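Working notes, beginning with the structure itself.
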Amino acid sequence: MITAAVLAGIDRVALEVVQALLPLLIFFAVFQVLYLKLPRVYVVNLAKGVLLASIGMVLFLQGVNVAFLPAGREIGEAVAAFDQRWLLIPFGFFLGFLATYAEPAVRVLGYQVEESSSGYIGESLILYTLSFAVAVSVALGMARLVYGIPLLWLLIPGYLLVIILLLFTEKEFVGIAFDSGSVATGPMAVTFLLSLAVGVAAGIEGRNPVVDGFGLIALIALAPILSVLMLGILYRRTRGEDT
């Protein structure tokens with residue numbers, strides 16, 4: 001009975017994965033026949049990799065549907081019932097840090113940055129910088145829900161600050177910063193933290209889950225950009241002191 005509940009709707013998830021991957025496979029097949037003409041061994045290995053990726057995507061998305069989404073919403077509604085609602089702010093900081101630290105895409109970005117920069121920018125530095133930045137943004141998101149702060153009051157000054165920081169940061173960090181914003185809004189943030197915010201909005205009287213519950217991902221996307229640009233300024237100052 002428990003197994004049936006866990007696997008409920010997995011056929012729909014599998015169909016969505018097939019629909020997502022099929023155009024890419026057709027695109028590759030056309031290029032393979034007309035231009036690439038890669039060895040048969042390579043194509044077989046590619047097919048095995050696609051199969052493993054497909055199975056992984058199905059299992060992950062099914063897990064999201066039966067675990068992360070409902071758990072995030074239930075936790076959000078439960079903590080919103082606290083008498084001391086200001087506790088939502090440090091609680092959001094803690095969950096934001098953990099969710100980003102566990103985000104696979106963030107680790108991939110950190111690895112790629114360290115490899116491409118020949119160790120100049122460390123993987124762990126990127127990981128902890130983004131984790132801290134997202135933690136702060138989730139805490140701000142919780143403060144927004146608790147005190148009714150309009151979303152634009154946070155986004156507009158944030159992006160204006162981004163433009164200003166672009167003038168002072170190391171150029172190597174500009175691309176990394178904007179990619180970090182996209183990477184941080186990965187499956188962990190979207191599935192767990194977003195559902196958490198919606199749950200909190202549903203649990204606070206006077207808050208609308210649609211109006212107030214959404215917008216957290218926008219803050220999560222903004223925070224890594226700011227943090228990496230600031231990191232670039234720190235690197236520039238360190239380089240200037242060394243010279």
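Residue numbers in the sequence shown follow full-length UniProt numbering, run continuously in steps of one, and reach 243 at the last position. Glycine included, every Cβ here is placed at the ideal spot set by N, Cα and C. All of these numbers come straight from a predicted model, not from anything done at the bench.
Inset, instruction - Label Val-30 either buried or exposed according to how many other C-beta atoms from any shown protein chain fall within 10 Å of its C-beta, with 16 as the threshold for buried. - result: With fewer than 16 other beta carbons inside 10 angstroms of its own, Val-30 counts as exposed.
Legend entry - Test item: CB-CB of Leu-95 and Val-138 under 8 Å: Pairing Leu-95 with Val-138 gives a Cβ-Cβ distance under 8 Å.
Inset, instruction - Pick out the complete alpha helix (DSSP H) segments inside the stretch 170-226, 4 residues or longer, and give them in chain order. - result: If we require 4 residues or more, the alpha helix (DSSP H) runs fully inside the stretch 170-226 come out as 172-184 and 194-203.
Inset, instruction - Please state whether DSSP places Ser-137 in a helix, a strand or coil. - result: When DSSP states are grouped into helix, strand and coil, Ser-137 belongs to the helix group.
Legend entry - Nearest-angstrom Cα separation, counted from Leu-38 out to Val-44: So the two alpha carbons sit approximately 10 Å from each other.
Inset, instruction - Note down the Cα distance separating Phe-97 from Ile-10, rounded to an integer number of angstroms. - result: If you take the alpha carbons of Phe-97 and Ile-10, they lie about 30 Å apart.
Legend entry - Endpoints, alpha helix (DSSP H) assigned at Arg-12: Where Arg-12 is concerned, the enclosing alpha helix (DSSP H) starts and stops at 10-31.
Legend entry - Cα-Cα separation between Leu-161 and Val-113, rounded to whole angstroms: Taking the straight line joining both Cα atoms gives about 24 Å.
Legend entry - Beta carbon of Glu-77 nearer than 8 Å to that of Gly-206: Between Glu-77 and Gly-206, the C-beta gap is not smaller than 8 Å, which leaves the two residues out of contact.
Inset, instruction - Look at the alpha carbon of Gly-175 and the alpha carbon of Asn-208, and state the distance between them as a whole number of angstroms. - result: Spanning the two alpha carbons is a distance of roughly 36 Å.
Inset, instruction - Report the rounded CA-to-CA distance for Leu-154 versus Gly-148, giving the unit in angstroms. - result: Cα to Cα, the separation comes out at about 12 Å.
Inset, instruction - Out of Phe-214, Val-134, Leu-196 and Ser-195, point me to the one whose CA is closest to Ile-220's CA. - result: Considering only alpha carbons, the answer is Val-134.
Legend entry - Close-in-space but distant-in-sequence residues of the same chain around Val-228 (CB under 6 Å, 5 per side omitted): The residues are Phe-173, Ile-176, Ala-177 and Ser-180.
Legend entry - Cα-Cα separation, Phe-168 to Arg-236: Here the alpha carbon of Phe-168 sits roughly 8 Å from the alpha carbon of Arg-236.
Legend entry - Backbone secondary structure at Ile-89 - three-state DSSP: In the displayed model, Ile-89 falls within a helix according to three-state DSSP.
Inset, instruction - Classify Ile-75 as helix, strand or coil using the three-state DSSP reduction. - result: In the three-state scheme derived from DSSP, where H, G and I count as helix and E and B as strand, Ile-75 is classed as helix.
Inset, instruction - Compute the distance between the beta-carbons of Arg-73 and Gly-199, then report whether it is under 8 Å. - result: It is a contact, given that the beta carbons lie within the stated cut-off.
Legend entry - Nearest residue (CA-CA) to Leu-231, options Ala-81, Glu-170, Gly-213 and Thr-185: Nearest Cα to Leu-231 within the set Ala-81, Glu-170, Gly-213 and Thr-185: Glu-170.
Legend entry - Counted within 10 angstroms of its Cβ, other Cβ atoms place Ile-89 as buried (16 or more) or exposed: Around the beta carbon of Ile-89, 16 or more other beta carbons lie within 10 angstroms, which makes this residue buried.
Inset, instruction - Have a look at Pro-187, Val-211, Ser-116 and Ala-105 and flag the residue whose alpha-carbon is nearest the alpha-carbon of Pro-150. - result: Distances from the alpha-carbon of Pro-150 to those of Pro-187, Val-211, Ser-116 and Ala-105 put Val-211 closest.
Legend entry - Pairwise C-alpha distance: Leu-22 and Leu-226: Cα-Cα distance, rounded: 37 Å.
Inset, instruction - State buried or exposed for Leu-24, treating a residue as buried only when at least 16 other CB atoms are found within 10 Å of its CB. - result: Answer is exposed; the Cβ neighbour count stays below 16.
Inset, instruction - Return yes when the Cβ of Val-64 is within less than 8 Å of the Cβ of Thr-191, no when it is not. - result: For Thr-191 and Val-64, yes; Cβs fall inside 8 Å.
Inset, instruction - Pull up the CB-CB distance for Leu-194 and Ile-75, whole angstroms please, since I reckon it's below 8 Å. - result: Not a contact, Cβ separation roughly 12 Å.
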